[in-house]
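Chemist: Using my numbering, the first residue of the sequence shown is number 40, and each one after it goes up by one.
Note that the Cβ used here is the ideal one computed from N, Cα and C, for glycine as well.
Quick one: the structure is below, and I'll ask about it shortly.
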Amino acid sequence: MEKQGLKIGWAQVDITPKEKVLVSGQFHARVSEGVRDPITATALALEGTDQAVMVSCDLVTISNELQESVRTAIKQRAPGLEAKKVFLNATHTHTAPEPRNNPLGVLMEGPGVSLKDLGVMNPADYVAWAAEKIAEAVVKAWGSREEGSFSYGLGQAVVGHNRRWTNTEGISTMYGNTNDPKFSHIEGYEDHSVNLLYTWDKNYRLTGVVINLACPSQESESEFTLSADFWYETRVQIRKQLGDYLFVLPQCSPAGDQSPHHIFRKAAEERMLRLAGRDSRQEIAMRITHAVETVLPLAEKEKYREGCFSHLVETVELPLRKLSQAEVKESLAEARKLKEEYEKLKKELEENPDLKKNPRWYVKITYAYRRAAWFENVANRYQQQQIGQLQPYEIHVIRLGDIAIATNPFEYFLDYGIRIQARSPAVQNFLIQLVGSGTYVPTLRAVAGKGYGAVSASNHIGPEGGALLVEKTLELLYSLWKKQPD
């Protein structure tokens, strides 16, 4: 593969709305009640024998409309850049604006709660505005690219934890009370590695760092204020240590069953935070910053101004999770209960309009409505699978020297990421989930245990599709290394 000098460009943009918006990440609606810290998008442009622009967004997901709007906006404004080589990833914060034009049940014009009732910006308007701002960052990063170099290394930071536990009967639960006589074990693995990619200008001055770890940014996931979650404190701390000018681009690797929350030993963890005088977000930021600082002098020993650079953009077709009539029946039964609760709450609102003057009056009714729609969608998917079993998804696979970068659009359970890393031909792997809009992809053991994230309502793609994506990703990686997969 031909080698060529690398050009690097960076940009960051604030995508915090000035109006009230729907906060995304829970079943119930949340109207933003202020801004705790900025919502941002950070773009890294790379050009050599190929090109790529990676954009990290403090959002819960990357909707197809957001991704395509950004690509459309840059086509005439970034000469020489292939729009399809630009991809966005979400850090999966649960305290950011809703990034989908019409997510499940969010536009409730008629069912009892409207956007006008809530006094929020239409999600479609936010998507259009945010897409323009993100496009500005892409254009700026692409336009600012100059000769530079990169280095990389592997660190450690305890951030993510498996959030599912299994009882003695084999039933799994997300979160919940582990002080249970039937508690058996934590369901799956945790990965505390931190993949770090540093960039340098032509004078070997550090310009930015990509931080890739297996944990979504959900420490403050149920708040009603807008926030980038622990990535805000992390950026602040890293810049305090290494320079205010530094760009910080976070990526969440496969972590569909992970979170920063502890599900046991909570009292001891809380006591240590109290003794340290830190909150949980500050603690996480300290750990990540320590990894960045520890690896930096080692990574600095080997800087690369050129290297094999190739970027593949592929559409893979994955089989839909096969649903049974029994699963449809069970899901519709749950939907009926929630519909009854919704109708009851709707009637109360119609008979007592003054209830809308109460703070957060909309929480219960939107929860019932959205969760009912979530269960009802199982029946729609059952009908869909009678027509066709395959669903197309875009993925990106990049070789940068001895580094592999590979994306997926899902909340991909950790085990799949470990499978790819274990068999990859690369020295180090930066796997990125939520590059696009996808649901949970659980493992076989998770499906057996049931629970949120693994039940049929939680995912369109099941373990069969998850395993196939592993093989497709490895096939593409091996093609870039000109090897045969093991």
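#1: Between which residues of its own chain and residue 60 is the CB-CB distance below 7 Å, once the five residues before and five after are set aside?
#2: Applying the criterion that 16 or more other CB atoms from any shown protein chain within 10 Å of the CB defines a buried residue, is residue 51 buried or exposed?
#3: In the DSSP assignment, find the alpha helix (DSSP H) that holds residue 455 and state where it starts and stops.
#4: Starting from residue 424, follow the alpha helix (DSSP H) in both directions and report where the run begins and ends.
#5: How many Å lie between residue 149 and residue 87 at the Cα?
#6: Measure the alpha-carbon distance for residue 474 versus residue 184 and round it to whole angstroms.
#7: When you compare the stretch 410-426 with the stretch 365-382, are there three or more beta-carbon pairs, one atom per stretch, that lie closer than 8 Å?
#8: Would DSSP call residue 76 helix, strand or coil?
#9: Tell me whether residue 392 sits in a helix, a strand or coil according to DSSP, three-state version.
#10: Taking the alpha carbon of residue 202 as the reference point, which residue from 395, 298, 208 and 180 has its own alpha carbon closest?
#11: Do you know how far the Cα of residue 228 is from the Cα of residue 445?
#12: Nearest to residue 191 by alpha carbon, out of 506, 465, 427 and 364?
#13: If you check the beta carbons only, do residue 140 and residue 171 fall under 8 Å apart?
#14: Apart from the five residues just before and just after residue 146, which ones in its own chain have a Cβ nearer than 6 Å to its Cβ?
#15: Do you know how far the Cα of residue 153 is from the Cα of residue 392?
#16: Quick one: is residue 124 buried, meaning 16 or more other Cβ sit within 10 Å of its Cβ, or exposed?
#17: Comparing the C-beta of residue 419 with each C-beta of chain C, is any distance below 8 Å?
#18: Would DSSP call residue 136 helix, strand or coil?
#19: What is the residue span of the beta strand (DSSP E) that residue 489 lies within?
#20: Using 8 Å as the Cβ pair cut-off and three pairs as the minimum, do the stretch 210-222 and the stretch 348-362 touch?
#21: How far does the alpha helix (DSSP H) with residue 189 in it reach, from first residue to last?
#22: For a quick check, are the C-beta atoms of residue 257 and residue 133 less than 8 Å apart?
#23: Considering residue 509, what are the terminal residues of the beta strand (DSSP E) in which it resides?
#24: So, is residue 311 buried or exposed, given that buried needs 16 or more other C-beta atoms within 10 angstroms?
#25: Start and end of the beta strand (DSSP E) containing residue 91?
#26: For the candidate residues 402, 450, 358 and 371, whose alpha-carbon lies nearest to that of residue 290?
#27: Is it the case that the stretch 310-324 contacts the stretch 278-292, given that we only count it when at least three CB pairs across the two stretches are under 8 Å?
#28: Exposed or buried, residue 426, counting other C-beta atoms within 10 Å across all chains shown (16 or more means buried)?
#29: Is residue 126 near the ligand FMN, with its Cβ less than 7 Å from a heavy atom?
#30: What are the boundary residues of the beta strand (DSSP E) that includes residue 48?
#31: Go through its chain and collect everything with a Cβ distance to residue 316's Cβ below 7 Å, but skip five positions before and after it.
Modeler: The short version:
#1: 71, 136, 137, 159, 160 and 165
#2: buried
#3: 453-462
#4: 402-426
#5: Confidence at residue 149 is low in this model, with a pLDDT of 49, below 50, so the placement of that residue should be treated as unreliable; the coordinate-derived value is given next. If you take the alpha carbons of residue 149 and residue 87, they lie about 53 Å apart.
#6: 23 Å
#7: yes
#8: coil
#9: helix
#10: 298
#11: 21 Å
#12: 465
#13: no
#14: Below a pLDDT of 50, predicted positions are generally treated as unreliable, and residue 146, at 48, falls in that range; the measurement from the model is reported next regardless. Contacts found: none.
#15: 14 Å
#16: buried
#17: Absence of chain C from the displayed structure is noted, only one protein chain being present.
#18: strand
#19: Segment: none, residue 489 is in no beta strand (DSSP E) and carries neither H nor E.
#20: no
#21: Segment 185-195 is the beta strand (DSSP E) holding residue 189; no alpha helix (DSSP H) there.
#22: yes
#23: From DSSP, residue 509 is part of no beta strand (DSSP E) but of the alpha helix (DSSP H) over 502-519.
#24: exposed
#25: 90-96
#26: 450
#27: no
#28: exposed
#29: Here there are no bound small molecules, and the ligand FMN is not part of this structure.
#30: 46-53
#31: none
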